[in-house]
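Input: a single structure, listed below in structure tokens.
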Amino acid sequence: MTIVIFIDMDYFFAACEELRHQELKSIPLAVGTAKESEKYRGVIQTCNYVARKFGVRSGMPTTNAYRLCPNLTYLESDDKYYSDISNKIMQLLRSYNRKIEQMSVDEAAMEVIELNYDESYLLGMEIKNKIKNEIGLTCTIGISFGPTFAKMATDASKPDGLMIIKEEDIHNFLKDKKISKLPGIGPKTEQRMMELGIKTIDNLAKYNPILLSEKFGYVGLELHALANGIDNKKISDKNDRLSIGRERTLNVDTSDINELSKMIDILSNEVYNEILDGNYWFKGIGIKVKYSDFNFVTRNKHFNNNIDSLNTIKSTAVALIKPLIKNDVKIRKIGVRVFAINKIGGQKKL
Ligand SMILES: [Mg+2]
């Protein structure tokens, strides 16, 4: 099981405006796409929580928003400025060296492969504090065993919240919620499901999956699984796809090729499993060696053809490490990676 930490910035565009115009913090504020002079023809993109108290919501026509809140301050969205802040946030998240999928300008999912819920909670708090201190904005964090449920945890605890949904709590969390709370169900799908008598997530969970797939295709099955507490989505990190690697410190520093080969086997197997998971081919294999004096070297081998064999990873890594073995200084840590990765269309034969 892999835990996902979902990070969602609170009322992002409006929060960015508050950051540079502190005086807007205490008054109702909305950001929309239309120019100030044409604001009544536009739609609200985001608004702060003061405006939300009046009933103003994202996606609402500006004219409706003004009806609810005549003193609303309107700003035309400044995408360049928001994306600069977004980049800073993503950079901060990247500094944790974990697999991250950016979902939108202000949302990201982080996979925390070896942490339990308590440790994930601590990391989530740390991320919240860091974003608050270094960027000056609040975010909400959801933690669960899949990205969709982690996102739902953020939706349920906004703003400035942190919520964990564990496996044993997912059914209780889901069952009475309206289907529109499931990410992936937009107004059209919601309407069509209502016509079938599916109103709550529990109704969806109990609906015949074959009928769902007839009406909604594969998406119907995915939604049915989610409604039943199954979240199989994997995080795909675009930055990470350039290479897949593992590295580890040896129990005892050594110059013994047999010991080094054992570790290479372990690392190669781990890398290979990820290759299988992602349906990847690759054209390069590399190793990294760190000596007990903390110097390190890397060696790479490029291939002309796509490779996907475990034996090739192992034998290449061993061949690359042999010339790096020294008599006077032992090896402390080894890394094995594959690079120049690509995904062949369709299902790869295993
Ligand atoms: Mg957000």
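Per my numbering, residue 2 is the first one in the sequence shown, and the count goes up by one each step. From the three backbone atoms N, C-alpha and C, an ideal C-beta is built for every residue, glycine too.
Under 8 Å by Cβ, that's how I've got Y12 and T47 pegged, so tell me the actual separation to the nearest angstrom.
Between T47 and Y12 the Cβ distance is about 5 Å, and since that is below 8 Å, they are a contact.
Using only the alpha-carbon positions, how far apart do A206 and V57 sit?
Rounded to the nearest whole angstrom, the C-alpha separation of A206 and V57 is 32 Å.
Extent of the continuous alpha helix (DSSP H) run through A31:
No alpha helix (DSSP H) holds A31; the beta strand (DSSP E) holding it covers 30-33.
Just the Cα atoms here: how many angstroms apart are S158 and Y122?
Looking at the two C-alpha atoms, the distance is approximately 14 Å.
Run of the alpha helix (DSSP H) containing E191, from where it starts to where it stops
Its alpha helix (DSSP H) spans residues 188-196.
Extent of the continuous beta strand (DSSP E) run through L76
It spans 74-77 - the beta strand (DSSP E) in which L76 sits, taken as one unbroken run.
Exposure of Q23, with buried meaning 16 or more beta-carbon neighbours within 10 Å
The residue in question, Q23, is exposed, as its Cβ has fewer than 16 Cβ neighbours within 10 Å.
I want to see whether chain B comes within less than 7 Å of R42, judged by CB atoms only; does it?
Given the protein chain composition of this structure (a single chain), no chain B is represented.
Is it right to say G347 is buried, meaning 16 or more other beta carbons lie within 10 angstroms of its own, or is it exposed?
Low per-residue confidence applies at G347: pLDDT is 40, beneath 50, and the placement is therefore not dependable enough to give any value.
Residue closest to I288, alpha-carbon to alpha-carbon, out of L277, K302, A109:
When each option's Cα is compared against that of I288, the closest is K302.
Which partner residues of P62 appear in the DSSP bridge assignment?
DSSP lists V44 as the bridge partner or partners of P62.
Regarding D156 and ligand 1, is the C-beta to nearest heavy atom distance less than 6 Å?
For D156, the Cβ stays outside the 6 Å cut-off from all heavy atoms of ligand 1.
In terms of alpha-carbon separation, which member of H172, F217, S256 lies closest to G185?
Closest in C-alpha terms to G185, from the list H172, F217, S256, comes F217.
Per DSSP, what are the beta-bridge partners of H303 in this structure?
Paired residue(s): G285.
Expressed to the nearest angstrom, what Euclidean distance is found between the alpha-carbon atoms of F297 and Y50?
Cα to Cα, the separation comes out at about 52 Å.
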